[in-house]
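If you number the sequence shown the way UniProt numbering does, the last residue is 133 and the count never jumps.
For every residue, glycine included, the Cβ atom is placed at its ideal position computed from N, Cα and C.
This one's a predicted model, so the numbers in the text were calculated from it and none came from an experiment.
In what follows, a structure is listed as structure tokens, so that the remarks can point back to it.
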Amino acid sequence: MKTINPTSKAISEVLAKTPKGKPVVMLNLLKFREQADYEEPRPGVSGRDAYQEYGRGAIRCIHAVGGELVWSGAPTGTLIGPEEEPQWDEVLLVRYPSLDAFLKMIDSPDYKAIVHHRTAAIEDSRLMPMLAS
């Protein structure tokens, strides 16, 4: 099943399982659309282009809540995983001081003003909060 944005059910479940005040690293797996899917079509704008536009604003929002981009890159394939799983175009690790900081970010007016670029860009994605062990 293709997924783009978190559901309120998923957020509630993650909140229940994540200790308050602990740093969290978000694993982002991204598959871009060939053509960005904006409400008003923008010919010639690829999913990757739209995601880069989102990224320019998102990094400011991440920093505003004390977060940081830890790593980003393009995978070269999958060694272990379901055959039907997409071949991801980009992987990012983003550290936040807490899950609450992440939630504060996605609820901010600045983030809400740019998230449409992410939605237009993404064909499929996974977003997994992780705690250090």
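| query | result |
| --- | --- |
| Taking the beta carbon of Arg117 as the centre, do at least 16 other beta carbons fall within 10 Å, making it buried, or is it exposed? | Rather than Arg, the amino acid found at residue 117 in this sequence is His. By the 10 Å Cβ count, His117 comes out buried. |
| Contact check, Ala50 vs Ala121 under 8 Å by CB: the rounded distance? | 4 Å |
| So what's Tyr38 in DSSP terms, helix, strand or just coil? | coil |
| To the nearest angstrom, report how far apart Val94 and Pro43 are at their CA atoms. | 31 Å |
| For Ser133, verify whether its CB is less than 7 Å away from any heavy atom of the ligand GDP. | For the ligand GDP, the structure offers nothing, since it holds no ligand at all. |
| Per DSSP, Tyr96 is paired with what? | Val24 |
| Going by C-alpha distance, which of Gly81, Trp88, Tyr96 is nearest Glu34? | Trp88 |
| If you compare alpha carbons, which of Ala36, Arg56, Pro109 is closest to Arg48? | Ala36 |
| Starting from the Cα of Gln52, find the closest Cα among Phe32, Glu40, Pro109 and give me that residue. | Phe32 |
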